[in-house]
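In my numbering, the protein residues as written are -5 to 136.
The structure under discussion appears below in the form of structure tokens.
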């Protein structure tokens, strides 16, 4: 190989790499703008009273972050995790923190499976699980 062919090959490879960088940057920008979604489900009233449940979902590529603020209820976490499983989500991490004496702050990080649901549908499903736990506890009290 002579110097000219080595330089020509190097230039060709650099052009390929520059095009690859442009393509990856475009994909990253598209993912950041299109796939980052936040849905907050709850009543944002101006009073100091907290309305339960508050459910927030953030979607980024195949990852989902759920933040749930709700009343403590027996069996609640099981119902929520069952609903997450039915949505074809795999739980990566979960944190449950007491918030005052009557509330829970639940954070769930999950990965999407083959089924894809809209963020609104996922929030609605979790809301039904939380409200279902509320209804079950009220029945037990009666």
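Where is the CB? At the ideal position from N, CA and C, for every residue including glycine.
These numbers were taken from a predicted model, which means no experiment stands behind them.
- Per DSSP, the continuous beta strand (DSSP E) segment holding residue 59 begins and ends at 57 to 65.
- In summary, residue 83 is buried, with 16 or more beta-carbon neighbours lying within 10 Å of its beta-carbon over all protein chains present.
- Between residue 103 and residue 57, the gap from beta carbon to beta carbon is short of 8 Å.
- Residue 110 carries a coil assignment under DSSP once its states are collapsed to helix, strand and coil.
- Annotated three-state conformation of residue 96 is coil, per DSSP.
- Bounds of any alpha helix (DSSP H) do not take in residue 69, whose DSSP letter is neither H nor E.
- Taking the C-beta atoms as reference points, residue 71 is found no nearer than 8 Å to residue 86.
- When C-alpha distances from residue 126 are compared across 112, 106, 80, 67, the shortest belongs to 67.
- Around the C-beta of residue 116, 16 or more other C-beta atoms lie within 10 Å, and the residue is accordingly described as buried.
- Per DSSP, reduced to three states, the secondary structure at residue 83 is strand.
- Nearest in C-alpha terms to residue 107, of all of 80, 9, 88, -3, is 80.
- As the crow flies, the alpha-carbon of residue -2 is around 10 Å from that of residue 4.
- Under a 10 Å Cβ-count criterion, residue 74 is classified as buried, with 16 or more other Cβ atoms of the shown protein chains found around its own Cβ.
- In this structure, the straight-line span from the alpha carbon of residue -4 to that of residue 22 is close to 39 Å.
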